[in-house]
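In our numbering, the protein residues as written are 307 to 392. These notes are about the structure you will find just below.
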């Protein structure tokens, strides 16, 4: 999901949605989206059924290396490290 898609679903402009999200939460839309993707990735990692690159695609990252970088920024661990620890 992108800012543009979310705004279209709500029938408002992307700029207005971005302003609303930031005003109400103090975070950008992108920050919220990354947090949601990482949270879902954690759930999928704990199931143990999928590899990191498969999870990357399922949570919306076409580039698995970028996904691993974002995941590590949010958790302090790579997806594989997170899976082993939990």
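Beta carbons: idealized from backbone N, C-alpha and C, even for Gly.
In whole angstroms, what separates the C-alpha of residue i from that of residue j?
| i | j | result |
| --- | --- | --- |
| residue 376 | residue 344 | 8 Å |
| residue 346 | residue 317 | 26 Å |
| residue 319 | residue 331 | 18 Å |
| residue 356 | residue 311 | 28 Å |
| residue 381 | residue 314 | 31 Å |
Which same chain residues end up closer than 6 Å to residue i when comparing Cβ atoms and leaving out the 5 residues on each side of it in sequence?
| i | result |
| --- | --- |
| residue 362 | 370, 373 |
| residue 327 | 335 |
Using the Cβ count rule (16 or more neighbours within 10 Å means buried), how would you classify residue i?
| i | result |
| --- | --- |
| residue 352 | exposed |
| residue 367 | buried |
Taking 8 Å as the limit between beta carbons, can you name the residues of its chain near residue i, skipping five residues before and five after?
| i | result |
| --- | --- |
| residue 336 | 309 |
| residue 386 | 358 |
| residue 354 | 389 |
Could you round the C-beta distance between residue i and residue j to whole angstroms and report it? I think they count as a contact, below 8 Å.
| i | j | result |
| --- | --- | --- |
| residue 339 | residue 307 | 7 Å |
Go through the stretch 342 to 373 residue by residue and report every complete run of the beta strand (DSSP E) that reaches 3 residues or more, in order.
Qualifying beta strand (DSSP E) stretches: none in this window.
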